[in-house]
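Engineer: Chains as they are written, first to last, in my numbering: chain R, 27 to 529; chain A, 3 to 338.
Think of the CB as a built atom: it goes at the ideal place given N, C-alpha and C, for glycine as much as any other residue.
Provided herewith is a single structure, encoded as structure tokens, for subsequent inquiry.
Dropping the structure here:
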């Protein structure tokens, strides 16, 4: 194999953790190499070590057989390693030509030779079948076009290695195909391409070889044709099929009225239209790899990004869920995935955080009496067993599990009929895990309906009545009753896709 | 049409419309004499506003310029009174001082990662204080060379006078327009104003650009100070209080986005002229209080901020911007 980039024993430590533990990674000339792994597996750390954004703590990187140690992305660029990040790293307020030529503008009499720059930019784009007006601002074009412009810039500056970090995250099927056409052509020219994606279909469509990282280690890989989907998903999730299944919560199927019903509900570019019915007192689990559309589905339901197709019915009446306010009015609640940025207000106390949603619904002209507040807050601190010295303690100073419980309490105060929990147990310690799960089961016994998103498949399988599996932004399987098991979920995530509709 | 030029086109439209209305009432207002006076009376504001445009395009703000103009007048007055230096030598010395002052503020903003608002506010107090230290009284500025500048003009058709200082202002606008919209440096300024983090990733030297931008603004403020001193024949430490705000208003009315990265330098000139036109109209009318100028400018400013907000929203909706903005802000937090 003609290796262009060879990383050996790359180690990177952060205070308290080892982000990369002696990772080997080899990249051959003229190949597309997929780099896979769940959140926190070390993919972006590895990329940042290769491109000089981080200084590595150990290991060697050979480029064309010579050891290199880039100290900045510009350094790496000069060596021939170009990177395009998921969020297009160009300047939307500049023209396409300015973006392409920034830093190397042709000059005449000290001024920019705009015609020369335009010609040069058009020449750079000619290889990409992109017939656009380079004198227009970049934001006049779609994200897909911006992505291709970013790739054109990276390739024109660095001609050995191209690293693409989730390039397809915001593209539709046709745009992905167009991008792949370009990648194949670049591969044909001998460029080595690193492709990071969560979309397994895309990985199999384009990658020649793959490498899987988990918890900072290289856990396997090889030619893409030699690794089947099930093995790949197992490698990524670190789930051993032989492992004993945790017991599934036995409950009689409930024939009660639906608490919420969604038909053809979706948001283009975010999540494909789906049907979903949740009965009273039912826990529906939502499983899938990162980027499979789980969170997007929850956000569409709660009106965060709005939906553009289908109908919603909550509590028996049709609703327009076009904003979180509308969703809250319909009796819904949502505990977001990123507690720190979307959930708690760290500088406010426990009481103030808990009262937020209720007070918002009542409006500021009808404040909840302080005595009433204290009573409710004390009640929930006791019921959810929130460990806080007093109700006025800053929430930012509590542990993750207790923060999560405060947010839960915030919604429970509203007495919602339907609650969405996005990764309720992420980032909290094992003891708190069990408590959160106990609370979830208790809520459901009280007749609340829950939609729970979780990457902890064992937990999800344990408490869910039904599990919906997402892949590539669409619902691909639904498991109910006895069929709910960790193994079945993994198999559904890994299953080969049905006939793809769009080329 | 390019949506980015829309605010500029609107500004020009408002200017032509306002001039037309004033002309219907006072036909004499449409003459090169009035236009010549308009340019001369606002020459110092035009120069300082152009410097402010560059700062705002880069995503910053410079509150020190009004105080720097006052300092310049006092400095010129004191130097001419107490030393035997020729005015031209004093001008060069002054421009050197104000440029260095701007560069220093830029360096502090970049190196200490301090908000430009606070740094230049401190600069404002320092410059105003320095003016007071030099002299509390108004100092007359008299010198044959300065009188020569004052009386230098080009007679336009229609007997209007394009004075030297008005010409200097137009020249500054033209030079900075070329610098910002036609030179690699201008592209860097726009890049930094658009998104400093991305600009750095694309290889822009953000620090050098920032320092240069404030240096340029300091130079423009010094030049405006020279023009103002020549125009008023005096140096007074209480002069041009609040001129930095007039300049910011002219920049915004001229169609430059206050958050940086988008705008058009000649628009600022039109913004200055609109403000001058209102003043001229009030003089023609003779019964209105001159403070109406401020009220009209306030309303215009309001209208323009609303227009820009609308345009920005239109653009981000097209680009599927919300999620992106959210992610970017999250990244910003992570970077910080």
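With a threshold of 16 other CB atoms inside 10 Å of the CB of residue 499 of chain R, please say whether the residue is buried or exposed.
Structural biologist: So residue 499 of chain R counts as buried.
Engineer: What does the Cβ neighbour count give for residue 239 of chain A, buried or exposed, with the cut at 16 atoms within 10 Å?
Structural biologist: Per the 10 Å Cβ criterion, buried.
Engineer: Leaving out five residues on either side along the sequence, give the residues of the same chain with a beta carbon under 7 Å from the beta carbon of residue 310 of chain A.
Structural biologist: For residue 310 of chain A, where only same-chain residues beyond five positions count, the Cβ hits under 7 Å are 9, 259.
Engineer: Distance, Cα to Cα, residue 339 of chain R vs residue 213 of chain R?
Structural biologist: Each residue's alpha carbon lies about 49 Å from the other.
Engineer: May I ask you to report which of helix, strand or coil DSSP gives residue 69 of chain R?
Structural biologist: Looking at residue 69 of chain R - three-state DSSP - the assignment turns out to be helix.
Engineer: Quick check for students: name the residue ranges of the beta strand (DSSP E) that lie wholly in the stretch 75-139 of chain R, counting only runs of 3 or more.
Structural biologist: Runs of the beta strand (DSSP E) inside the stretch 75-139 of chain R: 84-89, 107-110.
Engineer: Using DSSP bridges, identify the partner residues of residue 493 of chain R.
Structural biologist: According to DSSP, which records beta bridges pairwise, residue 493 of chain R is partnered with R:311, R:505.
Engineer: So is residue 205 of chain A in contact with chain R if we call contact Cβ pairs under 8 Å?
Structural biologist: Cβ-Cβ to chain R under 8 Å: yes for residue 205 of chain A.
Engineer: Please list, in chain order, all residues of the same chain as residue 46 of chain A whose beta carbon is under 6 Å from its beta carbon, the five residues on each side excluded.
Structural biologist: Here the set comprises 226, 229, 230.
Engineer: Thinking residue 148 of chain A and residue 94 of chain A are a contact (beta carbons under 8 Å), I'd like their distance in whole angstroms, please.
Structural biologist: Contact doesn't hold; Cβ gap of about 14 Å is too wide.
Engineer: Leaving out five residues before and five after residue 501 of chain R in sequence, what residues of the same chain have Cβ atoms less than 6 Å from its Cβ?
Structural biologist: If we look at residue 501 of chain R and ignore the five residues flanking it on each side, its Cβ neighbours are 300, 494.
Engineer: Quick check on residue 186 of chain A - is its C-beta less than 8 Å from some C-beta in chain R?
Structural biologist: Yes, residue 186 of chain A counts as interfacial toward chain R.
Engineer: So with CB distances below 9 Å, who are the chain A contacts of residue 141 of chain R?
Structural biologist: Those within 9 Å of residue 141 of chain R in chain A number zero; the least Cβ separation is about 12 Å.
Engineer: Is the stretch 90-109 of chain R in contact with the stretch 133-147 of chain R, if contact means three or more CB pairs nearer than 8 Å?
Structural biologist: Output reads no: the stretch 133-147 of chain R does not touch the stretch 90-109 of chain R.
Engineer: Could you tell me which chain R residues have their CB closer than 7 Å to the CB of residue 128 of chain A, listed as they occur along the chain?
Structural biologist: Correct list: empty, because the minimum Cβ distance to chain R is about 33 Å.
Engineer: Which residues, in chain order, does the stretch 165-195 of chain A contribute to contact with chain R at a C-beta distance below 7 Å?
Structural biologist: Result list: 180, 184, 185, 186, 189, 192, 193.
Engineer: Cβ-heavy atom distance between residue 42 of chain A and the ligand ATP below 7 Å?
Structural biologist: With respect to the ligand ATP, the structure shown offers nothing to examine, as it has no ligands at all.
Engineer: Does the beta-carbon of residue 8 of chain R have 16 or more other beta-carbons within 10 angstroms, so that it is buried, or is it exposed?
Structural biologist: Since the displayed chain R opens at 27 and closes at 529, residue 8 of chain R lies outside it and no answer follows.
Engineer: Going along the chain, which residues of its own chain have a beta-carbon closer than 6 Å to the beta-carbon of residue 224 of chain R, five neighbours each way excluded?
Structural biologist: 315, 316, 317.
Engineer: Please list, in chain order, the chain R residues whose beta carbon lies closer than 8 Å to that of residue 60 of chain A.
Structural biologist: Within 8 Å Cβ-Cβ: nothing; residue 60 of chain A doesn't reach chain R, min ~12 Å.
Engineer: Specify whether the stretch 154-164 of chain R and the stretch 72-79 of chain R touch according to this definition: at least 3 beta carbon pairs, one from each stretch, less than 8 Å apart.
Structural biologist: Flag = no, the stretch 154-164 of chain R and the stretch 72-79 of chain R do not touch.
Engineer: Using 8 Å as the threshold, is the stretch 357-371 of chain R in touch with the stretch 395-406 of chain R, meaning 3 or more CB pairs across them?
Structural biologist: With the cut-off at 8 Å, the stretch 357-371 of chain R and the stretch 395-406 of chain R do not touch.
Engineer: If you count every other CB in all the chains shown that lies within 10 Å of the CB of residue 437 of chain R, and 16 or more means buried, which is it?
Structural biologist: So residue 437 of chain R ends up on the buried side.
Engineer: Residues of chain A with CB closer than 9 Å to the CB of residue 313 of chain R, please, in chain order.
Structural biologist: Correct list: empty, because the minimum Cβ distance to chain A is about 23 Å.
Engineer: Under 8 Å between the Cβ atoms of residue 79 of chain A and residue 216 of chain A?
Structural biologist: Contact: no.
Engineer: Tell me whether residue 22 of chain A is buried or exposed, calling it buried when 16 or more other Cβ atoms sit within 10 Å of its Cβ.
Structural biologist: That one is exposed.
Engineer: Just to make sure I have the definition right: I need the residues of chain R whose C-beta is within less than 9 Å of the C-beta of residue 201 of chain A. Which are they?
Structural biologist: Residues of chain R passing the Cβ test: 117, 128.
Engineer: For a cutoff of 8 Å on Cβ pairs, would you count residue 100 of chain R as touching chain A?
Structural biologist: True, the Cβ-Cβ gap to chain A drops below 8 Å.
Engineer: Could you give the DSSP three-state label for residue 268 of chain R: helix, strand or coil?
Structural biologist: Residue confidence is low: residue 268 of chain R scores 45 on pLDDT, short of 50, so the model does not pin down where it sits. Its coordinate-derived value is still stated next. Residue 268 of chain R: coil per DSSP, three-state reduction.
Engineer: Within its chain, find whatever has a CB closer than 6 Å to the CB of residue 39 of chain R; leave out the 5 residues flanking it on each side and keep chain order.
Structural biologist: Only 83 meet the Cβ criterion.
Engineer: Can you name the start and end residues of the alpha helix (DSSP H) that residue 22 of chain R belongs to?
Structural biologist: Because residue 22 of chain R is not part of the residues shown, which for chain R are 27 to 529, the question remains open.
Engineer: Using a beta-carbon distance below 8 Å, is residue 197 of chain A in contact with chain R?
Structural biologist: It does; some Cβ of chain R falls within 8 Å.
Engineer: What do you reckon, are the CB atoms on residue 261 of chain A and residue 36 of chain A nearer than 8 Å?
Structural biologist: No; because the gap between Cβ atoms is not below 8 Å, this pair is not in contact.
Engineer: Compile a chain-ordered list of the residues in the stretch 240-270 of chain A whose CB is closer than 9 Å to at least one CB of chain R.
Structural biologist: Flagged, chain order: 259, 262, 263, 264.
Engineer: Examine chain A for any beta-carbon lying closer than 8 Å to the beta-carbon of residue 131 of chain R, and answer yes or no.
Structural biologist: Closer than 8 Å to some Cβ of chain A, the Cβ of residue 131 of chain R qualifies, so yes.
Engineer: Can you tell me which of R:237, R:385, R:407 puts its alpha carbon nearest to the alpha carbon of residue 73 of chain R?
Structural biologist: It is R:237 whose Cα lies nearest to the Cα of residue 73 of chain R.
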